[in-house]
Amino acid sequence: MSNYKNLLEDLDDGILTISINRPEKLNALNSLTLSELKTSIEKAYDENAVSGIIITGASNKAFVAGADISELAALNDMNSRKFSERGQEIFALIENCHKPIIAVINGYALGGGCELAMACHIRIGTENAFFGQPEVSLGILPGFGGTQRLTHIVGKGKALELMMTGEMIGAEEALSVRLVNHLVATKEDGIEKAKEILNKILKNAPLSYGMVVNCVNTAYSNIEDGYQIEANSFASCCKSEDFKEGTAAFLEKRKPVFKGE
Ligand code: COA
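So in my numbering, the last spot in the sequence shown is 255, and the numbers never skip.
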């Protein structure tokens, strides 16, 4: 595991927990924190010892309270597009990861924090979580993919309400609009729930659930034909050793041993 200034990493039984760790600034994403997050996720892509990932906030007050507003204040005509595209790129890396990534949202998830949570495959919120896209109150709009992902997740009407008012919603409402999959009492409960879900996923064939991520993401893309991507991915799975193993194990009434090949 690497040494980061603003991230903590813990690898336990194949599950890497990444905690955003700038508690004095409610874990706001400054450029160093974004770079460290990118490096951590890129390493996890290739690291065989990592099978699944949890992203959470260090401390119990915040998941991530947004992009760092002191850095936002310096954006101008020249650098603002690059800033947005860089954030989009890092969050796309999370969204498209072939290994499962679960957000445990333990407090404020605002602006870039809500966008980070939405880039993860599955979201678990704690009772003290708050969600919102307050960018309009700063004269900007969500720039790390939030306008797209929030619309996909909660639907057009609620997405417009949240992004145009900039108001926060609590954990109960987040559950009711499906912004989180599960609601738990504490961060510890959230980590336990995340590990339970990850362990269920990790019992399955890695190529298969990795391609499910790709197919589902394509369903939300206007660029590619999701049905074609699904058919291509299905055909690729059928060529794999894990496919032979999975079907054989079922027919032989035994548990499969998947190798990710
Ligand atoms: N960027 C930079 N610093 C931030 C931050 C952000 N997004 N969110 C919080 N902080 C800092 C505060 O400036 C403060 O720093 P200081 O102690 O050096 O003054 C520290 O974190 C604690 O925040 P504070 O506002 O004192 O806590 P609070 O409990 O009173 O309020 C929030 C919590 C989340 C409601 C409030 O911090 C907030 O509105 N943050 C901005 C949220 C936002 O607009 N995010 C989207 C950015 S695009």
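Cβ atoms here follow ideal geometry from the backbone N, Cα and C, with glycine treated the same way.
Treat the numbers as computed from the prediction; the structure is a model and nothing was measured.
Within the same chain, and ignoring the five residues on either side of Glu89 in sequence, the residues whose Cβ sits closer than 7 Å to its Cβ are Ala113, Asn211. Residue pairing for Tyr102: DSSP places it in a beta bridge opposite Ala56, Phe124. Here DSSP, grouped into helix, strand and coil, assigns Ile12 to strand. Assigned with DSSP and collapsed to three states, Gly164 falls in strand.
Cβ-Cβ distances below 6 Å link Leu87 to Ile35 in the same chain, with the five nearest sequence neighbours on each side left out; the list follows chain order.
Bounds of the beta strand (DSSP E) holding Ile48 are 46 to 51. Leu104 and Lys194 have their C-alpha atoms roughly 29 Å apart.
Per DSSP, the beta bridge partners of Glu3 are Ile12. DSSP places Val178 within a strand segment (E or B) once states are collapsed to three.
Straight across, the Cα-Cα distance linking Thr33 with Leu245 is about 42 Å.
It is roughly 11 Å from the alpha-carbon of Lys187 to the alpha-carbon of Ile48. Residue state for Ala22 is assigned as coil, using DSSP reduced to three classes.
Relative to ligand 1, even the nearest heavy atom lies 8 Å or more away from the CB of Lys(-1). By the C-beta density criterion, Phe125 is buried, having at least 16 other C-beta atoms within 10 angstroms.
For Ile96, the secondary structure class from DSSP, reduced to helix, strand or coil, is strand. In the structure shown, the three-state DSSP call for Gly119 is strand.
For Tyr203, the enclosing alpha helix (DSSP H) stretches over residues 200 to 213.
Between the stretch 114 to 124 and the stretch 173 to 183, the count of C-beta pairs closer than 8 Å reaches three or more; the two stretches touch.
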